[in-house]
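Chemist:
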Amino acid sequence: MTGTLRRGISGAALALAAWGEAAAQQSAATLDFEHKPPPGYERRAMHFGAWTATPDLRLSAVADSNIFATSSNAEEDILFLVEPKVTLNRSTDELKITGEAHGTIRQYAENTGENINLFGVNGRVRYRATPSQTVSAGAGFERTFQRRDDPERNDDLNLPLTPIANFSADAAYAYRPGRIGLEGRASVLSADYDEPVDDERDMTAYRGSLRGLLGLSSRIDVFTEAYGVWRDFRLAVDTTGVDRDGETFGANAGVALDFTDKLTGEIGAGVFRAKFDDAALGDFTGFGASGQLTWLPQQRTAIVLDVFRGDVATNRAGANGRIDSRAGLSLHQEVRHNLRALLQATYRHGEFRGGAGRSQDDFTGGAAVEYLISRHLAAELGYTFRNRDATQQLEEFTAHQVGISLIARY
């Protein structure tokens, strides 16, 4: 049961963004039954030769008390979502290929100007060349949008939602012949905002890292890592006349654990140096940290801790940069073999350098349960609370969300 739960929570845990520029914050949503459901609820897959396909469809209704995330005159509405998804997979002992295509139709009952349709595709290849060498690569495209509660949102709520076209690609090489290992990674992310008013936000970021590993035992690794991030904004200067191109270099050290499935994950900390092409922004040195640890105190329970601190790109007028510090804790519980529950809380402190000491403090808490009706059908009920305190009153808000979903799986 321990292995089943561990695989099941992987999709529900809070994820740190690969760039260290933003958190992929998960709302209070279901635990994942997809990877290894309980006996009698196993998923079926469509087979096309050596390939398998698993389609899903999620239908949801979410009552939101503050859809514009405003400090006053909060607007209530109900959001309806239709979310189809199909996952492809092909695996051998040496080669694993995965792919996914998904879409989202977002429709509000009253505020139809907030409606938007989204989609995305991605794929990944992992090849084990030898027992000690692994090569992997991936790429994806996603049409998303800037949410009203985004810390970098445009304050003019009369402007329509801004669609964003994101393209990403990455490659990695790992060499581990024994106790000593080496891992190298390179990635690129391009964000293109549709609306001309947001041209100054269009950016391409490149990241590279090199990590050295030393196995203290079969269950414990220590590592050191050096990395660099280069940001290239499409416009030479923003609307305030500032060139926000720059780079961040850093080094981390940490430990990776795998204690017989009871405690797994890694955590590290170090320093970084942010440099900008425009002298007006001012270079600076800071403390960085990131990691995730999963503890399974018993077979049906898992506790996940996520932490991050680092430099974040910003376009805020008057701000020289932004440092985010985040911590999230979630409790995953198998109530019954076909009923799982989730409790979680996340705190983020965002500090804008310059800009008269502007800062934001976000707290998000939530709970959810998912009931597996059959191998093809599940129901989910969730609640999310969000509160932001800020030095700028217009950036403060409180919101409650209650959602119900029906999930159909092949």
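Residue numbers for the sequence shown follow our numbering, so the first one is 385 and each next one is one higher. Positions of the beta carbon are idealized from the N, C-alpha and C atoms, including for glycine. Remember, predicted model here, so these are calculated numbers, not experimental data.
1) Confirm, please, whether the CB-CB distance from G612 to G592 is below 8 Å.
2) Quick check on DSSP: helix, strand or coil for Q777?
3) Let me check understanding here. Comparing Cα to Cα, which of F781, Y767 and V753 lies closest to I791?
4) Could you tell me whether the region 630-641 touches the region 680-688, where touching means 3 or more Cβ pairs closer than 8 Å?
5) Measuring straight from C-alpha to C-alpha, what distance separates A407 and R693?
6) For my contact list, D629 and F643 are in at a C-beta cut-off of 8 Å; report their separation, rounded to the angstrom.
7) For the candidate residues T730, D539, L765 and Y767, whose alpha-carbon lies nearest to that of A701?
8) Do the CB positions of D583 and L619 come within less than 8 Å of each other?
9) Among G766, A774 and G705, which one has its Cα closest to the Cα of R724?
10) If you draw a straight line from the C-alpha of K659 to the C-alpha of P580, how long is it?
11) Exposed or buried, A453, counting other C-beta atoms within 10 Å across all chains shown (16 or more means buried)?
12) Rounded to whole angstroms, what's the CA-CA distance from D576 to R563? Just pull it up for me.
13) Rounding to the nearest angstrom, what Cα-Cα distance links G670 and F656 in this structure?
14) Comparing alpha-carbon positions, which option in V786, T528 and R508 lies nearest G522?
15) Excluding sequence positions up to five away, which residues of its chain have a Cβ less than 6 Å from the Cβ of G672?
16) I want to know whether the region 543-563 touches the region 514-530 - three or more CB-CB distances under 8 Å.
17) How many Å lie between T386 and A493 at the Cα?
18) Contact defined as beta carbons within less than 8 Å: I believe H733 pairs with D745. What is the distance between those atoms, to the nearest angstrom?
19) If you follow the beta strand (DSSP E) that R510 is part of, which residue opens it and which one closes it?
20) Which same chain residues, not among the five before or five after D763, have their C-beta less than 8 Å away from its C-beta?
21) Threshold first: 3 residues or longer. Then list the beta strand (DSSP E) segments lying entirely within the region 525-599, N to C.
22) Starting from K469, follow the beta strand (DSSP E) in both directions and report where the run begins and ends.
23) Mapping the DSSP letters down to three states, classify T496 as helix, strand or coil.
24) If you follow the beta strand (DSSP E) that D695 is in, where does it begin and where does it stop?
25) For A663, count the other beta carbons within 10 Å of its own beta carbon; 16 or more makes it buried, fewer makes it exposed. Which is it?
26) Does the region 451-465 come within contact of the region 473-482, defined as at least 3 CB pairs closer than 8 Å?
Modeler: Let me spell this out:
1) As a working note, residue 592 is residue 208 in the sequence shown. As a working note, residue 612 is residue 228 in the sequence shown. Contact flag set, yes.
2) Here residue 777 corresponds to residue number 393 of the sequence shown, with the count starting at 1. Collapsing the DSSP output to three states places Q777 in a helix.
3) Indexing the sequence shown from 1 puts residue 791 at position 407. Ranking F781, Y767 and V753 by CA distance to the CA of I791 puts V753 first.
4) Cβ pair count under 8 Å is below three, so no.
5) The residue you call residue 407 lines up with position 23 of the sequence shown. The residue you call residue 693 lines up with position 309 of the sequence shown. Confidence is the limiting factor: at A407 the pLDDT is only 30, short of 50, which leaves the residue's position unreliable, though a coordinate-based value still follows. It is roughly 10 Å from the alpha-carbon of A407 to the alpha-carbon of R693.
6) As a position in the sequence shown, residue 629 is number 245, starting the count at 1. As a position in the sequence shown, residue 643 is number 259, starting the count at 1. About 44 Å separates the CB atoms of D629 and F643; that is not less than 8 Å, and the two are not in contact.
7) In the sequence shown, residue 701 corresponds to position 317, counting from 1. Comparing Cα positions, the closest option is D539.
8) Counting from 1 along the sequence shown, the entry for residue 583 is found at position 199. Counting from 1 along the sequence shown, the entry for residue 619 is found at position 235. Yes; because the gap between Cβ atoms is below 8 Å, this pair is in contact.
9) Here residue 724 refers to the residue found at position 340 of the sequence shown. Among G766, A774 and G705, the Cα nearest to that of R724 belongs to G766.
10) For the purposes of this step, residue 659 is taken as the residue at position 275 of the sequence shown. For the purposes of this step, residue 580 is taken as the residue at position 196 of the sequence shown. C-alpha separation (whole angstroms): 28 Å.
11) Position 69 of the sequence shown, counted from the first residue, corresponds to residue 453. In this structure A453 is buried. Its beta-carbon is surrounded by 16 or more other beta-carbon atoms within 10 angstroms.
12) Within the sequence shown, the letter at position 192 stands for residue 576. Within the sequence shown, the letter at position 179 stands for residue 563. Taken atom to atom, the span from the alpha-carbon of D576 to that of R563 is near 43 Å.
13) Within the sequence shown, numbered from 1, the residue matching residue 670 stands at position 286. Within the sequence shown, numbered from 1, the residue matching residue 656 stands at position 272. Straight-line Cα distance between these residues: approximately 5 Å.
14) For this step, residue 522 is matched to residue 138 along the sequence shown. Looking at the Cα atoms, R508 is the closest of the given residues.
15) Indexing the sequence shown from 1 puts residue 672 at position 288. Cβ neighbours of G672 beyond the five flanking positions: G634, G654, F656, R693 and G694.
16) When Cβ pairs closer than 8 Å are counted between the two stretches, the region 543-563 is seen to touch the region 514-530, the count reaching three or more.
17) The count along the sequence shown starts at 1 and reaches residue 386 at position 2. The count along the sequence shown starts at 1 and reaches residue 493 at position 109. Caution applies to T386, whose pLDDT of 37 falls short of 50 and renders its modelled position unreliable; the value that the coordinates give is listed next. The alpha-carbon atoms of T386 and A493 are separated by roughly 42 Å.
18) Within the sequence shown, residue 733 is the residue found at index 349, counting from 1. Within the sequence shown, residue 745 is the residue found at index 361, counting from 1. In this structure H733 is in contact with D745, their Cβ atoms being roughly 5 Å apart against a cut-off of 8 Å.
19) By one-based count along the sequence shown, residue 510 stands at place 126. It spans I500 to T514 - the beta strand (DSSP E) in which R510 sits, taken as one unbroken run.
20) Position 379 of the sequence shown, counting from 1, holds the residue named residue 763. Here residue 763 is Ala; the residue named in the question, Asp, does not match the sequence. Within the same chain, A763 has close Cβ partners E754, Y755, I757, I788, S789, L790 and I791.
21) Runs found: 547-559, 564-577 and 587-599.
22) For the purposes of this step, residue 469 is taken as residue 85 along the sequence shown, with counting starting at 1. Segment D461 to S475, the beta strand (DSSP E) holding K469.
23) By 1-based counting over the sequence shown, the position of residue 496 is 112. It is helical.
24) Counting from one through the sequence shown, the residue named residue 695 turns up at place 311. Its beta strand (DSSP E) spans residues T685 to V696.
25) Here residue 663 refers to the residue found at position 279 of the sequence shown. The residue is exposed, with fewer than 16 neighbouring Cβ atoms inside 10 Å.
26) No: the two stretches stay apart, fewer than three of their Cβ pairs being nearer than 8 Å.
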